[in-house]
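The sequence shown begins at 58 in the numbering used here and counts up one residue at a time. In this text, a Cβ means the ideal position worked out from N, Cα and C, and glycines have one as well. As the structure is a prediction and not an experimental result, all values here were calculated from the model.
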Amino acid sequence: MFMSRPLCMSALLAATLMLAACGDDNAKPEAKTAEASTAQAEIIKYNQYVDTANSINQSFEETLDQYEQYMVPKLADKKPVKDYVIGNDIMVLRTKEKLEKALAMSPAIPEIDAAAKDFAQALGKLAPLSTDLQNYAAAKTFLSDNGALAREKSPAYVAALTDVAKAESAFYHGISVKDTANTKEAFEKAKKDTVAYYRAGMVYYGKSTLNQASGIFDGTGLGDKKDAFKQDLDKLNEMALGFDKKTREADPKGCASTMMQANAFLAAGRKVLEHTESGRYKEDAARTGAFKMMRPTIVDDAYSLRQTFNNLINNLNVSRC
Numbered sequence: 058m059f060m061s062r063p064l065c066m067s068a069l070l071a072a073t074l075m076l077a078a079c080g081d082d083n084a085k086p087e088a089k090t091a092e093a094s095t096a097q098a099e100i101i102k103y104n105q106y107v108d109t110a111n112s113i114n115q116s117f118e119e120t121l122d123q124y125e126q127y128m129v130p131k132l133a134d135k136k137p138v139k140d141y142v143i144g145n146d147i148m149v150l151r152t153k154e155k156l157e158k159a160l161a162m163s164p165a166i167p168e169i170d171a172a173a174k175d176f177a178q179a180l181g182k183l184a185p186l187s188t189d190l191q192n193y194a195a196a197k198t199f200l201s202d203n204g205a206l207a208r209e210k211s212p213a214y215v216a217a218l219t220d221v222a223k224a225e226s227a228f229y230h231g232i233s234v235k236d237t238a239n240t241k242e243a244f245e246k247a248k249k250d251t252v253a254y255y256r257a258g259m260v261y262y263g264k265s266t267l268n269q270a271s272g273i274f275d276g277t278g279l280g281d282k283k284d285a286f287k288q289d290l291d292k293l294n295e296m297a298l299g300f301d302k303k304t305r306e307a308d309p310k311g312c313a314s315t316m317m318q319a320n321a322f323l324a325a326g327r328k329v330l331e332h333t334e335s336g337r338y339k340e341d342a343a344r345t346g347a348f349k350m351m352r353p354t355i356v357d358d359a360y361s362l363r364q365t366f367n368n369l370i371n372n373l374n375v376s377r378c
């Protein structure tokens, strides 16, 4: 299993990176200007990488899984092939071009650049095979040659697509590492007890909470991350309450939209803790017979946790409170 795409990548990190660059009030004006200029260039490049990742509607890993599940068995059978499809061929070169655009930018982003280069190269090797098989599938040539070309090229296609999926996973990991570093730096450099500080804290502890919940998303549960999950959730609550207090000092109405999203995420997280501690997830996993077909609670909780987190991040991106 390769690393999946980060749950929510957005231009919010552009703002936090700038906040980090401008956080040292004691720096000389010239130094701050140069630092901000470099940070701005890094923001543009980083956002290009984020845009590339967000433009991949279906990961190449998912494409590989589907092809191996449905097409490979058909081709292994010696019967005439009646239908044949591959992944979205357009995304291969489109993604490669986006990666190369980012790679040509300065400054260097060590956490991402090497993985992005490998990803682009892997896509370049996949491209001719993908194009040939896409034309073959679209023209339904498999009906006239009984799948001969597909059987001939399929092993090379699977190998190339596997390399792409591995490189894609490393690329997502690189973005995740940089994302975490940006968020942490912005939070640590923000002036304490300010709206900006609590806003950065909500992002930092929100993402940290989500990182502790990886077992919820793969269906295994919190495991030994339960205490860390709870601690990060409690810190998020502290940041949200601080944010609410500071915004109400400036305007008695506060920032209701942001608090609604923060509270929804906190509520989703506490549901996860409740179902973990009550043994609900284990009960669902132990179902037998017809009951085993029921949708497990952990699936709904994972969706709720993911969605409310994304809603919070999206709100923080556009909120003017």
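- In this model, F117 and N111 are separated by some 13 Å (Cα to Cα).
- In the structure shown, I113 adopts coil according to DSSP, grouped into three states.
- Per the C-alpha coordinates, the member of V129, E154 and K136 positioned closest to T109 is E154.
- A straight line joining the alpha-carbon of V149 with that of A307 spans about 49 Å.
- Here the region 326-333 makes contact with the region 280-293; the two share three or more CB pairs at distances below 8 Å.
- Counting other Cβ atoms within 10 Å of its Cβ, K102 reaches 16 or more and is therefore classed as buried.
- Counting along the chain, M128 sits inside no alpha helix (DSSP H), nor does DSSP assign it H or E at all.
- Under the criterion of beta carbons closer than 8 Å, Y255 and G299 qualify as touching, at roughly 4 Å.
- Of all alpha-carbon atoms in T345, T354, A321 and F322, the one lying nearest the alpha-carbon of G336 is that of T354.
- The beta carbon of F244 sits closer than 7 Å to those of A257, G258 and Y261, all from its chain and outside the five residues before and after it, given in chain order.
- Listed in chain order, the alpha helix (DSSP H) runs fully inside the region 128-170 are 129-133 and 147-160, counting runs of at least 4 residues.
- In the three-state DSSP reduction, D189 falls in the helix class (H, G or I).
- Relative to A171, the option among L156, G181, K182 and L183 whose CA is nearest is L156.
- Pairing Y229 with T237, the inter-Cα distance amounts to about 12 Å.
- Taking the Cα positions, Y214 is about 46 Å away from T315.
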